[in-house]
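Protein chains in written order, with numbering that gives the first Met the number 0: chain A, 0 to 556; chain B, 0 to 407; chain C, 0 to 278.
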Amino acid sequence: MLRLDRARVYDPVQGWRGQSRSLFIENGRMVADPGPQATVERVIDLEDAVVMAGGIDIHSHIGSGKVNLARTLMPHDHARTERAAALENGAWRHGGSGQATPTSWIAGYRYAEMGYTAAFEPAMLPVNARATHYTLADTPVIDKGAYVLLGNDDLFLRLLARGAEPQRLADYVAWMLARTRSLAVKVVNPGGISAFKFNQRALDLDQAHAYYGVTPRQVLRALARAVHDLGVPHPLHVHTSNLGVPGNVATTLATMEAAEGLPLHLTHVQFHSYGKEGPRGFSSAAEAIAEAVNRQPNLSIDVGQVMFGQTATASGDTMAQYANRRHAHPHAWTCIDIECEAGCGVVPFRYRDRNFVHALQWAIGLELFLRVRDPWRIFLTTDHPNGAPYTVYPQLMRLLMDRGYRNRMLDAVHPEVAAHSALRGLDREYTLEEIAIVTRAGPARSLGLRDRGHLAPGAVADLVAYRDDPDRDAMFARPSHVFKDGELIVRDGRLLAAPQGATLALEPEFDAAIEAQISEHYARHLSLRAEHLAVGAQELADYGGRAPLILPCTRHG
Amino acid sequence: MNQALTCPFCGLLCDDLGVESRAGRAEVTAAGCAQARALFPVPPQAQARIDGQAADWRAAAKAAAERLAAARRPSIAGLGCDLAGVRAALMLAERCDARVEHRHGAALAQELRATRRGGSLRTTLSELRNRADCVLFAGTRAAAHPRFFERCIEPREGLFGARQRRLILIGEAAQTAPESAALEHALAFPNAHLAEAVQLLRARLAGRRLDARHWHGIPIERFDALAAVLRAAHYGVAVWDAAELKPPHAELALRALYDLVAELNRDTRWAALPLGGNDGAAGAAAVCTWLAGRPPPLRYVHGAPQDALNADATDLVIWISAFDPQAAPPPDVPAVVLARADWRGGAAPAIFIPVAVPGVQRPGALVRLDEVPCLPLAAPAPADLPGVADVLDAVRAGLAGRSAHAAA
Amino acid sequence: MALPSSQSRGSSVSGLILTLKPQAPEALDGAGLLPASLAGLSPAEAARRPLAPGIELGECFTVQADPAAPDHRLTLRTGARRLARLGCAMDGGTLRVVGDAGDLLGQDLRGGEIVVEGGCGAYAGAGQRAGLIRVRGDAGDFLGGAADGYEGMRGGVLLVQGRAGARAGWRMRRGLIAVAGGCGDWCGAEMLAGTLVAPRCGARAGLGLRRGSLVLWECPPELPATFNDAGVAEFVWLARLDRWLAALEFRLPPLTQRARRLVGDQGAGGKGEILIVGG
Ligand code: SF4
Ligand SMILES: [Zn+2]
């Protein structure tokens, strides 16, 4: 047994708000205080460090093929490299490269070094599932999982257009979830990626798909219902229509209503909170969005905060990314129509603080953080790498916690932004408890990770200790201790060990008839067999990962 | 009999093959092309050798480690293997600062360089099969992918009803007699002129006047007619194979083709489908990119991945060819060959270690030529041979403590 | 860390001469060998500077003082060995290479002068922003071209006394390239802007040219059919260019103002030109 003394623990699930206490760990799990007689093999004095469960990134593109595309389009991002080195335990820390699009080995190390112990790839195409899981298996230390991308595939759209029963659609969703080893379902520009293949260049919520006649609203509702009925813990993960388009706030608000009370998670909402007021036709609509979130308890969001610098935007939304291609920096971009299933678009991008639009995007993200009242329904993300690489999280936490710092940065960006954003008037400063909610407890609850995101007895012993420091950026960037499954893996920001993390997945049940129908569709029309989408448990272990850890589906419709 | 297995012997990864094992050898019984039928049968055993002497594969791996430790400029090349093999190759290269190359690296590089210097709209096999009403074959007839026509072009019945496809050849592919009446031979010229031909097409598409009335004997009006056909497509696909164009200037043709596709796409839908990916090239590019930040060729310097700059002479090559029995390592360099049991790609190498063929003798995974689908490989005729990754891992273990920077 | 010469310490106020040792590792990257980072150091101090992770400069080079030279002048004796990325991102001072240079000479150059007594490899001046590169021998392919991760040349001057390989000026954006010995095939391919001057060049010059000028004395063979003849005219700026090159002591046949103008590439927007001097 391992005992951690003088830990000022922030665990919102247990209502712990920083009182100094001891924590007990055995066999990789938290255990209750075993009393004075118990044998404790090892004691670590945390010296009143701030302790939280390991960070959980609910939306980070670290595994899918589109990130690999982004890497190939950004050779300058990979010019700076990291050397391989031996770790203290004799294991090996692999080399790698990339800041905005880090290679997978070092992506895992960097998460661990800032106290994150889980991250989830939010956009996995079924045909790319195997490569995604292999990449995640090559992302060490952290636990991981992926959300399967549905809603633009021709089979689903056909079923929907022909008025298939909700049960049938749920079977279809369950089959895809189970076979591709996914943890949740994501929809991107519902129906719009498919519509782009039919030469539609925009598709609003109630606009009909040129071929199928269905609308994004129908796609959204059908998927939200299926996800709910299957008892998938995480609500449908939605990237709404009109990504990045000035005035898209109307679509976003309408999408929120379209759920009709079903749980919905809207992702990287910053990119969907734009008005078209003002002399430049681009304005903040964060207030309206935040109010709608505050009003509708069925909704949760993650922000997709923009921070300044070079990055890459990578999205399944070919329609939007094709429209964005002119902004590519450096000027190389790729959009792919994929397998009658979905698509992807990669546009390298540089956010500049002296650019009005970019700086306002930055302010809109912060406004959302500060205006949404319930921290359990808003999660901290940059939509890595779309808004910025995840390595900016410590700085982002400081922006949320330190109003003076925030306003100094506001003074430094494009001068008109302060006038076009209410940011300066927002006094709120996040507490450590709120940070613990938006970066671990909230995401864990939303994903159905019952034994993560908190430190109650039985929880996985993923935890992190930060030396208290008024400079929250410095504090969160370099934890004094990080434990993964009870093992000390980081000391003073330095990696000591690089164990393999778990892959978390669901295995919902489905009617055998859907399997036959899917097989028939693939065999007859597509260039690969449906059974080859399925990722085997053994196969992941053979490649060097771990067999997936199956989480229960809980709710039933 | 095994139904619907994936064939690893070209980048198409047809996954509808029937394969049976007869006396330990796999035989294609349904759906494979001649290439698949020739390459699936592989002997279940072969002898590992060190300098011609029979040895156990582990001893051979140990000997390879010793030679690798003594080499100054080692390279791991060929790289014809599954994803796990490529991963193992990188982990080994990282320890001994080796160069990592793929046999089709030159074509890969042309494609990569073209996409890094502008926009690219691409598509995949199922989209082509179901949507395309016009296919422009630029300098290729997809000869390196035997079932491309059968699987992607000939099916007329698609998800969106029957397709009348216009199939148009330009370049060298149009110089020889048609094997199918469906192929229209729009413009015949040597592939070396492809870049210029595409610029001509772009000029006429943009409505620009040209002084020239003819180009290489072709009246300019023919370009106008072709431009009109391309513009009339609802979903057009431009197909090429960088391996059929000569590096290093092939990239100019590819760049021009991507620009042409993007220009056509302003009004209607167009996308490109570059062919390639043979000998596991697409998978090698994918794994190298996610682990080392770049496709091959690359090199490690002090355990950090970098672009390979000069094609420095190498003094030891670890040559991997699990799929092609004839792939030959570079001449005049001592070679450690990890290859299928019936490998006959040249003179006896310094060290030979037979490996299981992924997809025949051992399960694995590969990436298809259109880069997104990643398919499983089965083992219809399992053999008692190590996988490429097993051997490379053993070499790495033999290297422990020897490499230049391990102590640093 | 680079020390500006004004803050220099130590006894030395002279330049340095580094001579490559034959036993230096093969995969040696010359990017760190900059006048500014060694300025003011004594030979012994310079020898202890890290060249690459884990490698000191003195392990690869013998270091001598060069009393005749000021301290911002660095001389490299490379012989026939081709060190890549010499003068990478250099922003001042003088780098003299006695012998040959490898690929990516003066990559991302921001200022100062690089003089190579021998030849150089591919991609000399890739991404160059300012400053001057002189190569007395021949240059490899892609002179001033867009290496991976870099744009083509963006400014400054690149002068080659010998011949240049294929695709000189590829994707160049700004600045001036002059090649006295002529260029290979595909010269000026996909050039975005800027000026490239050479007496003659190989086949298919200007393919994909968007803007910018190729100035030649002979019409290149196999000129792409996407160039139109705009006739002979007077170009005052050619005379200015002639005087400027003369001031740089770069020898070319005399440039007349009169030239034939070929406009293209019509496939790539048609805003570039090939000027054939004399008409
Ligand atoms: S076309 Fe290629 S993948 Fe298909 S069967 Fe033939 S060799 Fe195998
Ligand atoms: Zn995202």
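Built from N, CA and C at the ideal position, the CB exists for glycine as well.
Beta carbon proximity, residue i to chain A, threshold 9 Å
i       : result
S125(B) : yes
A267(C) : no
Span of the alpha helix (DSSP H), counted from its first residue to its last, around residue i
i       : result
R224(A) : P215 to L229
A83(B)  : L82 to C95
V66(A)  : G64 to L72
S518(A) : A511 to H524
Neighbour flag for residue i against chain C, beta carbons, 9 Å
i       : result
A78(A)  : yes
P247(B) : yes
Q471(A) : Before going further, note that residue 471(A) is Arg rather than Gln in the sequence given. Chain C contact via Cβ: absent.
W214(B) : yes
R92(A)  : no
D223(B) : no
H101(B) : no
Chain-ordered chain A contacts of residue i [CB-CB under 9 Å]
i       : result
G148(C) : M73, P74, H75, D76, H77, A78 and P329
T267(B) : N198
Chain-ordered chain B contacts of residue i [CB-CB under 9 Å]
i       : result
Q63(C)  : Per Cβ cutoff of 9 Å: no residues; Q63(C) is ~28 Å from chain B at best.
R133(C) : Going along chain B, no residue has its Cβ under 9 Å from R133(C), so there is no contact; the nearest lies around 22 Å.
Beta carbon proximity, residue i to chain B, threshold 9 Å
i       : result
H326(A) : no
C552(A) : no
L2(C)   : Confidence at L2(C) is low in this model, with a pLDDT of 36, below 50, so the placement of that residue should be treated as unreliable; the coordinate-derived value is given next. Chain B contact via Cβ: absent.
D299(C) : Summary: the structure shown does not reach residue 299(C), with chain C confined to residues 0 through 278, and so no result is reported for it.
I275(C) : no
R170(C) : yes
R203(C) : yes
Residues that residue i contacts on chain B, provided the C-beta gap is smaller than 8 Å
i       : result
V463(A) : The premise fails here: V463(A) is roughly 26 Å from chain B at the closest Cβ pair, so nothing lies under 8 Å.
G207(C) : A194, Q198, L251, R254 and A255
Y389(A) : Result: empty, since nearest Cβ-Cβ is about 16 Å, beyond 8 Å.
Contact with chain D by residue i, beta-carbon distance below 9 Å
i       : result
W318(B) : Here the protein chains are A, B and C, and chain D is not one of them.
Delimiting residues of the beta strand (DSSP E) encompassing residue i
i       : result
R339(A) : The question names Arg, but residue 339(A) is Cys in the sequence shown. Neither: C339(A) is in no beta strand (DSSP E) and is coded neither H nor E.
D28(C)  : Unbroken run through D28(C): none, as it is neither H nor E.
L376(B) : C373 to L376
H184(B) : L182 to L186
C133(B) : C133 to A137
K61(B)  : Where K61(B) is concerned, there is no enclosing beta strand (DSSP E), although the alpha helix (DSSP H) it sits in stretches over W56 to A69.
S420(A) : Unbroken run through S420(A): none, as it is neither H nor E.
Neighbouring residues, chain C, relative to residue i (Cβ below 9 Å)
i       : result
R439(A) : In chain order: nothing, as chain C lies at least about 36 Å away.
A105(B) : Those do not exist, as A105(B) stays about 15 Å from chain C at its closest Cβ, beyond 9 Å.
Proximal residues of chain C, C-beta to C-beta of residue i below 8 Å
i       : result
R351(A) : The contacting residues do not exist; R351(A) stays about 18 Å from chain C at best.
R82(A)  : P52
Where residue i meets chain A, residues with beta-carbon distance less than 7 Å
i       : result
C373(B) : N127, R129 and A130
Per-residue contacts from residue i into chain B (C-beta, under 7 Å)
i       : result
E112(A) : By Cβ distance, chain B contributes nothing, its closest Cβ being about 18 Å from E112(A), past 7 Å.
Chain C residues whose Cβ lies nearer than 7 Å to that of residue i
i       : result
L306(B) : A small correction: the amino acid at residue 306(B) is Asp; Leu does not occupy that position in the sequence shown. Chain C residues near D306(B): D147.
Next on the checklist: Residues of the segment 209–231 of chain A in Cβ contact with chain B at a cutoff of 8 Å, in chain order, please.
Outcome noted: Y210
Item to check | chain A contacts made by the segment 32–59 of chain C, where a contact means CB separation under 7 Å | outcome: P52
Item to check | Interfacial residues, the segment 185–199 of chain B to chain C, with Cβ spacing under 8 Å | outcome: A194, E195, V197, Q198 and L199
Checklist entry - Does the segment 78–95 of chain A come close enough to the segment 140–155 of chain A that 3 or more CB-CB pairs lie under 8 Å? => result no
Checklist entry - Pairing CB atoms from the segment 102–114 of chain B with CB atoms from the segment 204–217 of chain B, are three or more of them under 8 Å? => result no
Next on the checklist: For the segment 247–265 of chain C, list every residue whose C-beta sits within 8 Å of some C-beta in chain B, in sequence order.
Outcome noted: D264 and Q265
Checklist entry - Counting Cβ pairs, one atom from each stretch, are 3 or more of them under 8 Å apart for the segment 185–196 of chain B and the segment 213–233 of chain B? => result yes
Checklist entry - In chain order, what residues of the segment 485–502 of chain A put their CB closer than 7 Å to some CB of chain C? => result none
Item to check | At least 3 beta-carbon pairs within less than 8 Å: the segment 170–182 of chain C vs the segment 92–109 of chain A | outcome: no
Next on the checklist: Under 8 Å: do the segment 15–25 of chain C and the segment 390–397 of chain B share three or more Cβ pairs, one atom per stretch?
Outcome noted: no
Next on the checklist: For the segment 321–338 of chain A against the segment 131–149 of chain A, do three or more pairs of beta-carbon atoms, one drawn from each stretch, fall closer than 8 Å, so that the two count as touching?
Outcome noted: no
Item to check | Residues of the segment 139–168 of chain B with Cβ closer than 9 Å to any Cβ of chain A, in chain order | outcome: R150, C151, P154, E156, G157, L158 and F159
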